[in-house]
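Comments concern the structure below.
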Amino acid sequence: MKKLERSFYERATLEVAKDLLGKYMVHEAHDGRTVGKIVEVEAYVGSIDAACHAYKNKYTNRTKIMFGKGGHAYVYLIYGMHYCMNIVTNQESYPEAVLIRALEPIEGLEIMKKRRKAEAILNLCSGPGKLCQAMGITKLQNEMDLCGESMFLLHGERIMPEDIVTTPRINIDYAKEARDYPWRFIIKDNPFVSKGK
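Just so you know, my numbering puts 22 at position 10 of the sequence shown, and the rest follows in order with no gaps.
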């Protein structure tokens, strides 16, 4: 399978979000290689999206990576304990990203189980915090180039439009009208998606 090139990420964020479904995320870590198929994502568009860290183009030390080139990792901590993995999208100066919400484990399952201290395969990557733990993703991967050799995406499987389900995003009730934007995309009937709405 071929690695995704920069041009894949440097497009309109809602398009990239849907096209990420079925792609394989690979992390070559010190304790081994893990691979997961992307089955659930959420799009965030900084200029108009009250749920986005860069809402109204807010530039901070944390959000600066979102203003850079598409195809980089934006990793942050929530609730002081869980990491979330996002992929920066669109062109420079457009602070946009796609949150990876769930993966279907493909390779390195024993490594994932050890990292997660869990046995149930369905539970290994069914949420943004879980998948980061299973894939060995921490703040060390923040700003990493996904066109590099350590963490990257492969073309994987093509998901047809009729097999993509669109819903509002999860756990963003604070975001006013943005909480209703239909910017969450999942692979229809996939058992590995997170337990959300």
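C-beta atoms are modelled at their ideal positions from N, C-alpha and C, and glycine is treated no differently.
Please read these numbers as outputs of a predicted model, since none were measured by experiment.
By the beta-carbon neighbour count (other beta carbons within 10 angstroms, threshold 16), A132 is exposed. Distances from the alpha-carbon of Y88 to those of G120, R128 and G141 put G141 closest. When DSSP reads this structure, Y56 sits in a beta bridge with A109. Here the segment 119 to 132 makes no contact with the segment 72 to 89; the two share fewer than three CB pairs at distances below 8 angstroms. Scanning the segment 162 to 193 from its first residue to its last, the whole beta strand (DSSP E) runs of 3-plus residues come out as 163 to 166 and 176 to 179. Under the criterion of beta carbons closer than 8 angstroms, M37 and G48 qualify as touching, at roughly 5 angstroms. In this structure, the CA atom of V53 is about 19 angstroms from the CA atom of D157. Just so you know, the alpha carbons of G139 and I77 end up roughly 23 angstroms apart. Membership of L89 in the beta strand (DSSP E) is indicated by the continuous run A85 to I90. Residue burial is scored here from C-beta neighbours: K14 has fewer than 16 other C-beta atoms within 10 angstroms and is therefore classed as exposed.
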